[in-house]
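The block underneath contains the structure these notes are about, expressed in structure tokens.
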Amino acid sequence: MLTGPPGTGKTLIAQCVASEIGIPYIGISGSDLSAMFLGVAEMKVKSLKAKAKKWANQHGGCVVFIDEADAVMGSRGAVEGEESGGNQAGGGIFGGGTGVRSQLLTAMDGTKEPHIRTDIINFFYRLLGFEEMVDGVVFWLGATNRVSIIDPAFLRPGRMDSIIQMDAPDKGSRRKIIQGYVDQMTIDDTVDVERLTDDTQGVTPADVAGAIKRVSARTT
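Residue numbers for the sequence shown follow full-length UniProt numbering, beginning at 1 and rising by one.
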């Protein structure tokens, strides 16, 4: 589970993980897994699981990244320690609550277990002397800036059991980010990268990129 303020690169990290491993990437927002009516959200989760498992089996693995994970993984009624009425817990005819959380937990566990169809196929493959099929691995990643309200069930071993804090970059990292954008853009040679680095303490990479792009637009 990646946690930290917006703009610190959580989505980019998830994409880079898939790229470095060389496997497909599925990105989805937690709010996309909710629905107005009961049962629809659960169907979305089942569809996500099926797609992830299919791609994992085809390519040896798949990364599933759920942004704004607190929208679907939040503890029942918890929003920074307060009751959220029916919004988070769901209930009645409304989705996005206990049902979808349970379905998502089942999906996360199910993608780590051998599929019964694979077991059946491998039984006959062994009889025929063929090499057995191997189920691909699905890596589940999430991102939130409110990790305190995530249901502990999602953070248990075998699920999203590592919490990685992503804060604003330090001075050295900011310098590299700024220099990287400056090198790619048509900007006055007098731009003081070192001063910009000092002036952007505590600023996220997304804000740094936005500021440099605005400067570039004014100078072209």
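Here a beta-carbon is modelled for each residue, glycine too, at the ideal position from N, C-alpha and C.
Own chain partners of residue i with C-beta closer than 6 Å, once the 5 adjacent residues on each side are dropped
i: Phe65; result: Ala14, Gly27 and Leu141
i: Gly99; result: Glu42
Residues bridged to residue i [DSSP beta-bridge criterion]
i: Leu141; result: Phe65
i: Tyr25; result: Val63
i: Gln165; result: Thr3
i: Gly210; result: None; Gly210 has no bridge partner.
i: Ile150; result: Gly74
Residue j beta carbon less than 8 Å from that of residue i
i: Gly9; j: Ala69; result: no
i: Thr197; j: Arg214; result: no
i: Lys44; j: Leu33; result: yes
i: Ala107; j: Thr11; result: no
i: Val193; j: Gln179; result: yes
Residue of the options minimising C-alpha distance to residue i
i: Asp67; options: Gln103, Gln58, Asp161 and Gly7; result: Gly7
i: Gly159; options: Val137, Pro169 and Leu33; result: The amino acid occupying residue 159 in the given sequence is Arg; Gly does not appear at that position. The shortest Cα separation from Arg159 among Val137, Pro169 and Leu33 belongs to Val137.
i: Tyr181; options: Leu155, Ala206, Glu194 and Ile212; result: Ile212
i: Gln17; options: Ser102, Gly61, Leu127 and Gln179; result: Looking at the sequence shown, residue 17 is not Gln but Val. With distances taken between Cα atoms, Val17 lies closest to Gly61.
i: Pro5; options: Met166, Val191 and Glu194; result: Met166
i: Ser102; options: Phe123, Arg126 and Val72; result: Val72
i: Lys171; options: Gln184, Gln201 and Ser148; result: Gln201
i: residue 222; options: Arg126, Ser173, Val40 and Phe130; result: Since the first residue shown for the chain is 1 and the last is 220, residue 222 is missing from the structure and cannot be characterised.
i: Pro157; options: Phe130, Asp109 and Asp119; result: Asp109
Rounded Cβ spacing between residue i and residue j (contact assumed at less than 8 Å)
i: Ile163; j: Thr3; result: 6 Å
i: Asp135; j: Ser75; result: Between Ser75 and Asp135 the Cβ distance is about 31 Å, and since that is not below 8 Å, they are no contact.
i: Val63; j: Phe139; result: 5 Å
i: Leu155; j: Met1; result: 6 Å
Spatial neighbours of residue i in its chain, beta-carbon cut-off 7 Å, leaving aside the 5 residues before and after
i: Gly81; result: Low confidence applies to Gly81: its pLDDT is 46, below 50, so where it sits in the model is not reliable, and the reading given next is rough at best. For Gly81, where only same-chain residues beyond five positions count, there are no Cβ hits under 7 Å.
i: Val203; result: Ala168
i: His59; result: Ile23, Pro24 and Gly136
i: Leu128; result: none
i: Ile21; result: Gly61
i: Asn145; result: Thr3, Gly4, Pro5 and Pro6
i: Glu191; result: According to the sequence as given, residue 191 is Val; it is not Glu. The answer, listed in chain order, is Val182.
Own chain partners of residue i with C-beta closer than 8 Å, once the 5 adjacent residues on each side are dropped
i: Asp161; result: Leu155
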